[in-house]
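Per my numbering, the sequence shown starts with residue 102, numbered consecutively.
We put the beta carbon where it would ideally sit given N, CA and C, even for glycine.
These notes concern the structure reproduced below.
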Amino acid sequence: MDTKALLEKINYCNSLTSYSRRKTIPVKVGDVVIGGDNPIVVQSMTTVDTMDTEGSVEQCIRMIESGCQLIRITAPSIKEAENLQNIKDGLKKRGYSTPLVADIHFTPNAAEIAAKIVEKVRINPGNYADKKKFEVIEYTDESYQEELDRIRERFLPLVKICKEYGTAMRIGTNHGSLSDRIMSRYGDTPLGMVESALEFLRICEDEQYYDIVISMKSSNTQVMVQAYRLLVQKLDEGGFKPYPLHLGVTEAGDGEDGRIKSAVGIGTLLEDGLGDTVRVSLTEDPEFEAPVAKALVDRYEHRASHESITTLSNYPINPFEYNRRETFEVYNFGATNVPRVIADVAAIKEITPKEMKQVGHFYLPELDKWKMNDQGADFVFTGSNPIPFMLPNGMKEIQNYEIWQYNADTENKFPLFSFKEFQSADKFHQKLNFLSLNDIEVAAAIPLIKERTDLVIILKTSNRHNYPALRRAFVHLLENHCKIPVVPQVAYQQQSDDKTMLYTATDIGGLLVDGLGDGVMIDAQAYSDMDRETILRQIKLHNSISFGVLQAARTRMSKTEYISCPSCGRTLFDLQETTAMIRKRTDHLKGVKIGIMGCIVNGPGEMADADFGYVGSGKGKITLYRGKEVVKRSVPSEKAVDELIEIIKKDGMWNDPEA
102 MDTKALLEKI NYCNSLTSYS RRKTIPVKVG DVVIGGDNPI VVQSMTTVDT
152 MDTEGSVEQC IRMIESGCQL IRITAPSIKE AENLQNIKDG LKKRGYSTPL
202 VADIHFTPNA AEIAAKIVEK VRINPGNYAD KKKFEVIEYT DESYQEELDR
252 IRERFLPLVK ICKEYGTAMR IGTNHGSLSD RIMSRYGDTP LGMVESALEF
302 LRICEDEQYY DIVISMKSSN TQVMVQAYRL LVQKLDEGGF KPYPLHLGVT
352 EAGDGEDGRI KSAVGIGTLL EDGLGDTVRV SLTEDPEFEA PVAKALVDRY
402 EHRASHESIT TLSNYPINPF EYNRRETFEV YNFGATNVPR VIADVAAIKE
452 ITPKEMKQVG HFYLPELDKW KMNDQGADFV FTGSNPIPFM LPNGMKEIQN
502 YEIWQYNADT ENKFPLFSFK EFQSADKFHQ KLNFLSLNDI EVAAAIPLIK
552 ERTDLVIILK TSNRHNYPAL RRAFVHLLEN HCKIPVVPQV AYQQQSDDKT
602 MLYTATDIGG LLVDGLGDGV MIDAQAYSDM DRETILRQIK LHNSISFGVL
652 QAARTRMSKT EYISCPSCGR TLFDLQETTA MIRKRTDHLK GVKIGIMGCI
702 VNGPGEMADA DFGYVGSGKG KITLYRGKEV VKRSVPSEKA VDELIEIIKK
752 DGMWNDPEA
């Protein structure tokens, strides 16, 4: 990829500082219009067997009533494609006209049938005309063109049917199912993902068929964000029409992890005005997906009226590949250190050792010892309520400067200065000081702090356009070659736990994906007037979210990562139950990535960067993987988890959980 040429004209979004939706062509899907000047559309996918007509209809209704505006249904073969008519008729009889989308993998003949029935078909360019064998193939320009001609011949009938019937199409690239042809020429890269879609898009445009939505989905949030940005850039450079984008993170998982991971990828793009329809993929019942997606997109309903941010004349960050901002090492911040978690416990007066478990540190009174875990906060901010007991080794306390300067122990505690205090202070810690700066103070502060090697900035903003405002402050630092570590801090009013997860994952996760930020801090002051139990619960949530965001952005691995698909009619076992069972027995394996896939469509490809894989290969049968390599086939499902653990043990990545 010619990165230099790309960076000379960054045009993947309208503005990096002023919220503005990317203008696309409108694509009609039944009564729903994606793109143009229309609101962002929320969609989801059924998990019931497509041949179960009544079950599918009932689930569709639950999804619609939860806020789903488009419903995708898998059609793995001709019989399922034909049964889409019965599902559609069943919904119509019940008074529902929500458009349906047929999800197609491997089977062009099923796609051609479905396109005559439903309002939209989704095809995966990685496997529509190819079967993945993980083979590296040497192509000449002539032999590559022959492959493209073969694809055209296979794909053209579907394009003509869609054009005739007014059926829309999603060209949906998946990172894990790129064809051997694409992998051989472009590698396992965002550029490969983009080119995979463009091969099919060129055929559509040659036929003057434009009712197309495009997606670039991955379970790796960095890859996903880079691929979408690059797609928009390439569409513009190649003279293509500005097609709408379907946003999603594949195999995000369930619960808090699934929500955070989805928001890191989807939210980062929404912030820059990208995205016209959203699907949050959770390993949960599909009616739980739409409310999460709605909470994400509703945040931008009035975003255009945000406070102004200084415009950019030059953008020193490469948005198409990950590069961490270069910083000094200050104490244990910056340079090659993992990003740190600072837990705000300042709202708690006279906190006790027992209550420190909310930030991941457990006091054992009978032994008079502390037990640390992998998600224990690195620092606690106590503000004006200093901790009255000795903290465990490995965790340090930050106090407001006005408290710290009169503290008997100014060596083992660290001060936090406001900008005003910093300018007039005559007492500093020898090794580590924290400076709280609002984004609009950064430019004025740089001349005073640029060469300090004892300073970490806590960066915050009151701008509703949070991530771009913080990003703009980082650009000030980069432009002035200021290498001081920076910890972004976010603060929200009292709100639901889901919103706190989603907003933090967007505002800080986006920065981390861009290589910006040396930690996470979530302000808890909005809960200071609540009862003690509520405050402690929020502190625990904030600590968990902080580690979750770092993991989802691939910047600090502190727990087992599950690359788990959201289930669909192709799934060959109870995905939710199996994921819970595997999680129960393996969630102590820090940094190990386990892929849990319901069928061969999503595995092994979609879990390509997992260490181990558990993939449905038949009714009651599981195939186990080490990376992309098959280790055991046709393992009975009742024995498969034990067999998976044995493989992990043989690879030396197992440790027994603590009692």
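>> I need the boundaries of the alpha helix (DSSP H) containing residue 643, first residue and last residue.
In response: Run containing residue 643: 633–653, per the alpha helix (DSSP H) assignment.
>> Suppose you measure from the CA of residue 362 to the CA of residue 421; what does that come to, to the nearest Å?
In response: Computed Cα separation, rounded: 19 Å.
> Taking Cβ to Cβ, would you say residue 765 is nearer than 8 Å to residue 712?
Replying inline: Here the chain covers residues 102 to 760 and nothing more, so residue 765 does not appear.
> Given a threshold of 16 other Cβ atoms within 10 Å of its Cβ, counted over all protein chains shown, does residue 237 qualify as buried or as exposed?
Replying inline: When all chains shown are included, residue 237 counts as exposed.
>> What does DSSP give as the partner residue(s) for residue 246 in the beta ladder?
In response: Beta-bridge annotation (DSSP): residue 246 is not paired with any residue.
>> Would you call the region 391–401 in contact with the region 639–659, where contact means no fewer than 3 C-beta pairs closer than 8 Å?
In response: Of all C-beta pairs linking the region 391–401 to the region 639–659, fewer than three are shorter than 8 Å, placing the two stretches out of contact.
> Alpha carbon to alpha carbon, how far is residue 296 from residue 152?
Replying inline: When only Cα atoms are considered, residue 296 and residue 152 end up about 35 Å apart.
> Which runs of the beta strand (DSSP E) fall wholly inside the region 156–206 and span at least 3 residues, in chain order?
Replying inline: Runs found: 171–175 and 201–205.
> When DSSP labels each residue in this structure, what does residue 505 get in the three-state scheme?
Replying inline: Residue 505 falls in the helix class under three-state DSSP.
> Roughly how many whole angstroms lie between the Cα atoms of residue 411 and residue 118?
Replying inline: In a straight line, the C-alpha of residue 411 is about 7 Å away from that of residue 118.
> Does the region 258–266 touch the region 307–324, meaning 3 or more C-beta pairs lie closer than 8 Å?
Replying inline: Touching, yes, given that three or more Cβ pairs across the two stretches are closer than 8 Å.
>> On the criterion of 16 or more Cβ atoms from any shown chain inside 10 Å, does residue 523 qualify as buried, or is it exposed?
In response: Residue 523 comes out buried.
>> Does the contact criterion of 3 or more C-beta pairs under 8 Å hold for the region 364–379 versus the region 122–142?
In response: Taking one beta carbon from each stretch, the region 364–379 and the region 122–142 have 3 or more pairs nearer than 8 Å; the two touch.
> Is residue 241 helix, strand or coil by DSSP?
Replying inline: Note: residue 241 maps to coil in three-state DSSP.
> In the structure shown, what three-state DSSP assignment does residue 350 receive?
Replying inline: Three-state result, residue 350: strand.
>> Within 10 Å of its beta-carbon, does residue 113 have 16 or more other beta-carbons around it, so buried, or fewer, so exposed?
In response: With 16 or more Cβ atoms within 10 Å of its Cβ, residue 113 is classed as buried.
> Quick one: Cα of residue 326 to Cα of residue 605, how far?
Replying inline: Computed Cα separation, rounded: 17 Å.
> Which first and last residues belong to the alpha helix (DSSP H) in which residue 327 is found?
Replying inline: For residue 327, the enclosing alpha helix (DSSP H) starts and ends at 322–338.
>> Can you tell me whether residue 490 is buried or exposed? The criterion is at least 16 other CB atoms within 10 Å of its CB, across all chains shown.
In response: When all chains shown are included, residue 490 counts as exposed.
> Counting pairs of Cβ atoms below 8 Å between the region 215–231 and the region 243–260, do you hit three or more?
Replying inline: Touching, yes.
> Can you check whether the CB of residue 300 is closer than 8 Å to the CB of residue 226?
Replying inline: Yes.
> What residue from 685, 663, 385 and 432 has the CA that sits closest to residue 531's CA?
Replying inline: Nearest C-alpha to residue 531: 432.
>> Using DSSP's beta-bridge definition, name the partner residues of residue 689.
In response: Answer is none; residue 689 lacks a bridge partner.
> Which whole-angstrom value describes the C-beta separation of residue 535 and residue 559, a residue pair presumed to lie in contact below a C-beta threshold of 8 Å?
Replying inline: Correct: roughly 5 Å between the Cβ atoms.
> Can you name the start and end residues of the beta strand (DSSP E) that residue 296 belongs to?
Replying inline: Element bounds for residue 296: not the beta strand (DSSP E) but the alpha helix (DSSP H), 291–307.
>> I need the DSSP call for residue 146, collapsed to helix, strand or coil.
In response: Secondary structure at residue 146: strand, using DSSP grouped into helix, strand and coil.
>> I'd like the list of long-range same chain contacts for residue 186, defined as Cβ closer than 6 Å, with 5 residues on each side in sequence excluded.
In response: Excluding sequence positions up to five before and after residue 186, its CB lies within less than 6 Å of the CB of 218, all in the same chain and listed in chain order.
>> Spatial neighbours of residue 499 within its chain, please: C-beta separation below 8 Å, excluding the five flanking residues on both sides.
In response: Here residue 499 has 443, 480, 481, 482, 483, 514, 515, 516, 517 and 535 as same chain residues with Cβ atoms under 8 Å from its own Cβ, once five neighbours each way along the sequence are excluded.
> How would you call residue 543, buried or exposed, if buried means at least 16 neighbouring beta carbons within 10 angstroms?
Replying inline: Buried is the call here.
> Under a Cβ-count criterion, where at least 16 other Cβ atoms within 10 Å of its own Cβ denotes burial, should residue 737 be classed as buried or exposed?
Replying inline: Exposed: under 16 other Cβ atoms inside 10 Å.
> Going by DSSP, what residues sit across from residue 269 in a beta bridge?
Replying inline: According to DSSP, residue 269 bridges with 221.
> Out of curiosity, what's the CA-to-CA distance linking residue 612 and residue 618?
Replying inline: Straight through space, the alpha carbons of residue 618 and residue 612 are spaced by roughly 6 Å.
> Under a three-way DSSP split, which group does residue 577 fall into?
Replying inline: If DSSP states are grouped into helix, strand and coil, residue 577 belongs with the helices.
> What three-state label does DSSP hand residue 663 in the structure shown?
Replying inline: Of the three classes helix, strand and coil, the one that applies to residue 663 here is strand, per DSSP.
> In its own chain, which residues sit with a C-beta less than 6 Å from the C-beta of residue 268, not counting the 5 before and 5 after it?
Replying inline: Counting only Cβ-Cβ distances below 6 Å, and skipping sequence neighbours, we find 216.
> Three-state secondary structure (DSSP) at residue 491?
Replying inline: Three-state result, residue 491: coil.
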